[in-house]
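Numbers 1 to 174, taken from this note's numbering, label the letters of the sequence shown in order. Where is the CB? At the ideal position from N, CA and C, for every residue including glycine. As the structure is a prediction and not an experimental result, all values here were calculated from the model. Have a look at the structure below, then the notes.
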Amino acid sequence: MMTRAEKDVVVTSIKQIIEKSQAVFLTNLVGIPSVDSVRIRKSVREAKGHMVITRNTLFARAAKGTFAESLLADLKGSSAVAFAYDDAAAVAKIINDASGEFADIVTIKGGMLGAQKLTKAEVVALAKLPSRDQMLGTLLATFNAPVSAFARVLFAINEQKQGGAAPAAATENA
1 MMTRAEKDVV VTSIKQIIEK SQAVFLTNLV GIPSVDSVRI RKSVREAKGH MVITRNTLFA
61 RAAKGTFAES LLADLKGSSA VAFAYDDAAA VAKIINDASG EFADIVTIKG GMLGAQKLTK
121 AEVVALAKLP SRDQMLGTLL ATFNAPVSAF ARVLFAINEQ KQGGAAPAAA TENA
């Protein structure tokens, strides 16, 4: 049994985590093997997130006055909460993959992305988005494409000049 002081420490800790996070995902991990639970929690940490499992009443107390209050207010049954500090899609993907791997046990119950409340379907849709790193890579490739094409044209012109061939003459229509 936790003492009042221990509960207050847990509530304060969870409140700080909520305030630092940009997204919150509600799930459960009760019933899966501990090795798999540790693996999932480690994956969430590697994605710059945090996963907490505690009593529902402590989640509700910690969420008062935060953007996650409506999500964590009236929890029923066993609950685990994943918090995303940086890349919400990456943490959602980990939770979604766990729900696929342990379909009978792990379920996605909902989430919050900033002040926006998310349904289970919206969390799954968020999980299917490419990660932040993948999106940045695609953006960088898009920015580099015109520059690369221009560099190839300049290189081809230089090759033609060095090879002694004259560049293709432009035709005039007069």
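- A contact between stretches requires three or more CB pairs, one per stretch, nearer than 8 angstroms, and the region 21-40 meets this requirement with the region 103-112.
- When secondary structure is reduced to three states using DSSP, Met-2 falls in the coil class, being assigned neither helix nor strand.
- The three-state reading of DSSP puts Gly-110 in strand, counting E and B together.
- Residue state for Gly-65 is assigned as coil, using DSSP reduced to three classes.
- Val-10 places its beta carbon 8 angstroms or farther from that of Leu-71.
- Between Ile-94 and Ala-47, the beta carbon gap of about 6 angstroms places them in contact (Cβ cut-off 8 angstroms).
- Our two residues, Ile-18 and Ala-149, have alpha carbons roughly 46 angstroms apart in a direct line.
- Assigned with DSSP and collapsed to three states, Val-30 falls in coil, not helix or strand.
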